[in-house]
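Residue numbers (the numbering used here): 2 to 428.
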């Protein structure tokens with residue numbers, strides 16, 4: 002054992018790596034964190050627009066996307082939200098605040114969490130090897146050798162790969178971790194990484210004219226124009242942009258859109274209901290009342306009090322109607338057409354924004370490569386994985402950081418069990 006430089010090396014100083022290292026801090030003596038950045042927690046400091054939605058007190062594991070839902074269930078049965086938040090408060094001294102199940106640091110600043118990790122790591126003399134990019138992990142007798150791009154090498158009894166996925170690559174989360182792990186698991190155990198929690202692109206005519214408009218809506222995605230072909234539904238604020246559509250409700254649906262496109266070679270259609278609280282007949286009567294009350298107004302002018310005029314203009318253009326004509330000239334069937342559009346405004350999707358804009362990665366190393374109990378590779382007992390490098394991603398609302406905490410603690414516990422097992426065997 003003394004021939005190794007470290008008992009454990011953690012590759013990656015992001016959310017899961019920091020949690021894993023902090024949990025191990027008082028349990029093992031020779032511990033190092035390697036990160037390509039000059040500072041720890043670069044990506045973590047950006048999460049939640051800098052506010053850091055740390056967790057969700059009402060986590061439903063069924064909301065995670067993965068290749069093995071039983072693995073995710075098992076992980077959370079071993080390390081739940083309460084255990085990870087307790088670690089934050091008791092060990093890292095991070096005071097939290099919860100509202101509508103969403104858990105934040107009390108300061109509502111991500112840097113508070115990052116600083117807590119940095120101080121704890123400093124207190125416990127964890128060695129930091131920063132500004133170093135790992136290019137290979139090679140098995141050696143009783144452990145592994147880690148090689149950096151600078152040709153520096155380090156040996157360790159155990160290695161935890163916590164390099165992240167591919168979202169926000171400028172923070173160091175550039176997919177390089179997959180290359181480190183693939184020699185041990187094979188390409189068949191890599192689910193193709195795709196951007197998730199990301200904005201959607203559209204080439205629809207006139208969509209740019211709506212740029213900047215925000216609205217509270219219900220959004221559904223369908224595989225076809227049939228109302229019976231609904232894939233998923235979300236509610237919330239939508240934002241029209243120069244490139245397409247954004248907003249939390251859109252981001253929640255983005256990974257489903259990508260998965261659908263992967264299976265079907267085309268993207269689903271997004272339908273927007275601007276009047277979710279009203280029935281189609283209600284909206285028809287709204288228009289008829291305006292037709293009766295303001296007969297001398299243009300169609301656009303008469304409807305301006307119920308919906309943004311630019312949206313009306315796009316709807317009218319779709320049906321070759323002139324928005325300047327008097328609303329009193331509209332026949333009943335045209336009124337119903339406009340109402341139908343307001344209840345089911347279609348946006349054809351052509352793609353998504355890339356990893357530079359994605360909050361998380363959909364895909365990664367498949368869970369069946371790991372032990373359920375320890376996060377250890379089945380093919381090599383000295384290598385563990387945690388965090389976004391794995392094929393697990395969740396919706397907005399603290400799900401993805403909670404996976405980082407849960408999997409990071411599990412990996413740490415796995416390392417501890419392995420070390421204790423070795424020591425027991427030696428006795």
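All C-beta atoms, glycine included, are put in the ideal place defined by N, C-alpha and C.
Nothing here was measured: the structure is a model prediction, and the numbers come from that model.
Query	Result
In the segment 176-249, which residue ranges form an unbroken alpha helix (DSSP H) of at least 4 residues, counting only runs that do not cross its ends?	177-186
Would DSSP call residue 155 helix, strand or coil?	strand
Which residues in the same chain as residue 161 place their Cβ atom closer than 6 Å to its Cβ, once the five residues preceding and following it in sequence are excluded?	11, 21, 385 and 412
Quick check: what's the CA-CA separation for residue 136 versus residue 180?	8 Å
Please report the residue range of the alpha helix (DSSP H) in which residue 286 lies.	281-294
How long is the line joining the alpha carbons of residue 345 and residue 223, rounded to whole angstroms?	11 Å
Tell me, please, which residues DSSP counts as bridged to residue 148.	137 and 154
Taking all protein chains shown into account, do 16 or more other C-beta atoms lie within 10 angstroms of the C-beta of residue 264, making it buried, or fewer, making it exposed?	exposed
Give a yes or no on whether the C-beta atoms belonging to residue 141 and residue 417 are separated by under 9 Å.	no
From the DSSP output, in three-state form, read off residue 262 for me.	helix
Rounded to whole angstroms, what's the CA-CA distance from residue 84 to residue 277? Just pull it up for me.	39 Å
Comparing alpha-carbon positions, which option in 95, 392 and 269 lies nearest residue 446?	Residue 446 cannot be examined here, being either before or after the span of the chain that is shown, 2 to 428.
Rounded to a whole number of angstroms, what is the C-alpha to C-alpha distance between residue 371 and residue 86?	25 Å
What separation, rounded to the nearest whole angstrom, lies between the Cα atoms of residue 402 and residue 288?	46 Å
Roughly how far, in whole angstroms, is the beta-carbon of residue 299 from the beta-carbon of residue 324, given that I think they are within contact range, below 8 Å?	6 Å
How would you write the range of the alpha helix (DSSP H) that residue 169 sits in, first residue to last?	From DSSP, residue 169 is part of no alpha helix (DSSP H); its letter is neither H nor E.
Under three-state DSSP, which class holds residue 327?	strand
Determine which residues share a DSSP beta bridge with residue 10 and list them.	33 and 160
What does the alpha-carbon distance come out to for the pair residue 395 and residue 389?	10 Å
Measure the C-alpha to C-alpha separation of residue 5 and residue 134 and round it to an integer number of angstroms.	20 Å
Counting pairs of beta carbons, one from the segment 247-256 and one from the segment 186-197, are three or more of them closer than 8 Å?	yes
Taking only runs that begin and end inside the segment 298-384, name each unbroken alpha helix (DSSP H) of 4 or more residues, in chain order.	300-304, 310-319 and 333-344
Report back the beta-carbon spacing between residue 405 and residue 17 to the nearest angstrom; my notes put them in contact at under 8 Å.	4 Å
Have a look at residue 245 and residue 146 and give me their C-alpha separation to the nearest angstrom.	47 Å
Which same chain residues, not among the five before or five after residue 230, have their C-beta less than 8 Å away from its C-beta?	223 and 224
Should the segment 51-63 be regarded as contacting the segment 106-120, the criterion being three or more beta carbon pairs within less than 8 Å?	yes
Run through DSSP, which three-state label would residue 45 get?	helix
Residue 57 to residue 69, Cα distance in whole Å?	21 Å
Pair every Cβ in the segment 158-174 with every Cβ in the segment 357-377, then say whether three or more of these pairs are closer than 8 Å.	yes
In terms of residues, what are the limits of the beta strand (DSSP E) holding residue 272?	270-274
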